[in-house]
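Chemist: Going from the sequence shown to our numbering is simple: count from 1 and add 211.
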Amino acid sequence: MTSDEIVAILGPIDEVLLAEIVQTGASPAELAEAWAWVNADEALVNDGRALPTGRVAVLVDMLTPAADDDV
């Protein structure tokens, strides 16, 4: 997957995250699925979709914002 494909799916992102996503070897379809899980996990579960596995699960972990311990 190219940097342009990643930016087309996610929009502008940090160069470090961009490089990490490229290193996963994921396809654009896998990245799009992971992005959907990050942004609408309840809707996908309610739709009967299985929880993500493999590269999609890795991407979900990478794309999920870290919890802020100070809140």
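Positions of the beta carbon are idealized from the N, C-alpha and C atoms, including for glycine.
Measuring only the C-alpha atoms, how far is residue 215 from residue 265?
Modeler: If you take the alpha carbons of residue 215 and residue 265, they lie about 23 Å apart.
Chemist: So, with DSSP's three-state summary, where would you put residue 235?
Modeler: Helix.
Chemist: Under 7 Å Cβ to Cβ from residue 271, same chain only, skipping five residues before and after it: list those, please.
Modeler: Once the five neighbours on either side are set aside, the close Cβ partners of residue 271 are 245, 248, 249, 263.
Chemist: Out of curiosity, what's the CA-to-CA distance linking residue 224 and residue 260?
Modeler: Roughly 27 Å between the two C-alpha positions.
Chemist: With DSSP collapsed to three states, give me the class of residue 225.
Modeler: DSSP places residue 225 in coil when its eight states are reduced to three.
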